[in-house]
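In the working numbering, the protein residues as written are -9 to 224.
Just so it is clear, CB atoms sit at the ideal spot from N, CA and C, and this is done for glycine as well.
Input: a single structure, listed below in structure tokens.
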């Protein structure tokens, strides 16, 4: 999980909270699931277990986690994204501001198109090709309740499979900036069907090693999302 990357020593507690919130809000750890074991997570984040416990306690107090003790215990995600609707979307946009909204969409377009181009120029072994296809298959089989989370997993997988932790982290940041917007868009079956065709085009371009086709496919897909946002806000 790229979002759970090592933190810097100067602000270890604050950055640990940030990393965990990214994993929770992006659905990397789904509602009802638990975070990785404490020992493993502390190593992954490069922090002490004391710092990790302080961060988890803070997120428990804030209502994002439920910490259970015992053999089957752990830190379980209790955060549930807001239900989609036009009112929720307008609130998110109002909270962001029009300039920040435009900047977030531009940022996402740049980094996700770039990640797809890079991956399309990268020699992919069978394991990585299989992972990309599996992410797409999981998304295509998703229920409406799971769709946004698995859509995020698909998009982040493109960056992660490049093998660049910095690119993967940047794409996760770009996705986080628009996650509330995406969660607020009503689920439309026609849009889901259209997105499935676009996702397939992205994967086909990457697996065939065509970076320009991969860039165009991602750009078309993200432009469609932006058009849907504008439609609900008009």
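Beta-carbon separation (whole angstroms), residue 147 vs residue 157, contact threshold 8 Å: On the chain shown, position 157 is the one that residue 147 refers to. On the chain shown, position 167 is the one that residue 157 refers to. Not really, about 12 Å apart at Cβ, beyond 8 Å.
Taking the continuous alpha helix (DSSP H) assigned at residue 221, which residues delimit it? Translated into the one-based positions of the chain shown, residue 221 becomes position 231. It spans 201 to 223 - the alpha helix (DSSP H) in which residue 221 sits, taken as one unbroken run.
Consult DSSP for residue 56 and reduce its assignment to one of helix, strand or coil. Looking up residue 56 in the chain shown gives position 66. Note: residue 56 maps to strand in three-state DSSP.
Taking the alpha helix (DSSP H) that residue 104 falls in, what are its first and last residues? The residue you call residue 104 lines up with position 114 of the chain shown. Residues 88 to 110.
Classify residue 158 as helix, strand or coil using the three-state DSSP reduction. Position 168 of the chain shown, counted from the first residue, corresponds to residue 158. Correct three-state label for residue 158: helix.
Output the distance between the C-alpha atoms of residue 105 and residue 152, rounded to the nearest integer angstrom. Along the chain shown, one-based indexing puts residue 105 at 115. Along the chain shown, one-based indexing puts residue 152 at 162. Rounded to whole angstroms, residue 105 to residue 152 spans 7 Å at the Cα level.
Within the present structure, is the beta-carbon of residue 153 separated from the nearest heavy atom of the ligand ADP by less than 8 Å? Only the bare structure without any ligand can be found here, which leaves the ligand ADP out of the picture.
Same chain only: Cβ atoms within 7 Å of residue 19, ignoring 5 sequence neighbours per side: Locating residue 19 in the chain shown gives position 29, where the first residue counts as 1. So the qualifying residues of the chain are 13, 25 and 67.
Quick one: is residue 207 buried, meaning 16 or more other Cβ sit within 10 Å of its Cβ, or exposed? Taking the chain shown and counting its residues from 1, one reaches residue 207 at position 217. Classification for residue 207: buried.
Are the Cβ atoms of residue 210 and residue 179 separated by less than 9 Å? By one-based count along the chain shown, residue 210 stands at place 220. By one-based count along the chain shown, residue 179 stands at place 189. No, the pair does not count as a contact, with Cβ atoms beyond the cut-off.
9 Å Cβ cutoff met for residue 142 and residue -6: Looking up residue 142 in the chain shown gives position 152. Looking up residue -6 in the chain shown gives position 4. Not a contact, by the Cβ cut-off of 9 Å.
Between which two residues does the beta strand (DSSP E) harbouring residue 131 extend? Within the chain shown, the letter at position 141 stands for residue 131. Counting along the chain, residue 131 falls outside any beta strand (DSSP E), and DSSP gives it neither H nor E.
Contact check, residue 168 vs residue 95 under 8 Å by CB: the rounded distance? Here residue 168 refers to the residue found at position 178 of the chain shown. Here residue 95 refers to the residue found at position 105 of the chain shown. Confirmed, about 7 Å.
Segment limits, beta strand (DSSP E) that includes residue 65: Sequence index remark: in the chain shown, residue 65 carries index 75 (1-based). Per DSSP, residue 65 belongs to the beta strand (DSSP E) from 64 to 67.
For the 8 Å Cβ check, are there 3 or more pairs between the region 78 to 87 and the region 38 to 48? no
Ignore the nearest five residues each way along the sequence and tell me which others in residue 107's own chain have a CB closer than 7 Å to its CB. Start at 1 with the first residue of the chain shown, and residue 107 comes out as number 117. Contacts found: 201, 204 and 205.
Buried or exposed for residue 98, please, with buried defined as at least 16 other CB atoms from any protein chain shown within 10 angstroms of its CB. Within the chain shown, residue 98 is the residue found at index 108, counting from 1. Result: buried.
Which residue comes first and which comes last in the alpha helix (DSSP H) that contains residue 115? Position 125 of the chain shown, counting from 1, holds the residue named residue 115. Where residue 115 is concerned, there is no enclosing alpha helix (DSSP H), given that its DSSP letter is neither H nor E.
What residues in its chain sit with their C-beta under 7 Å from that of residue 48, if we drop five residues either side in the sequence? Walking along the chain shown from the start, residue 48 turns up at place 58. So the qualifying residues of the chain are 7.
Per DSSP, which one or two residues make a beta bridge with residue 15? Working through the chain shown from its first residue, we reach residue 15 at position 25. The partner list for residue 15 (beta bridge, DSSP) is empty, contrary to what the question assumes.
Look at residue 218 and residue 86 and say whether their C-beta atoms are less than 9 Å apart. Here residue 218 refers to the residue found at position 228 of the chain shown. Here residue 86 refers to the residue found at position 96 of the chain shown. For residue 218 and residue 86, no; Cβs fall outside 9 Å.
What residues in its chain sit with their C-beta under 8 Å from that of residue 9, if we drop five residues either side in the sequence? Counting from one through the chain shown, the residue named residue 9 turns up at place 19. Once the five neighbours on either side are set aside, the close Cβ partners of residue 9 are -7, -6, -5, -3 and 35.
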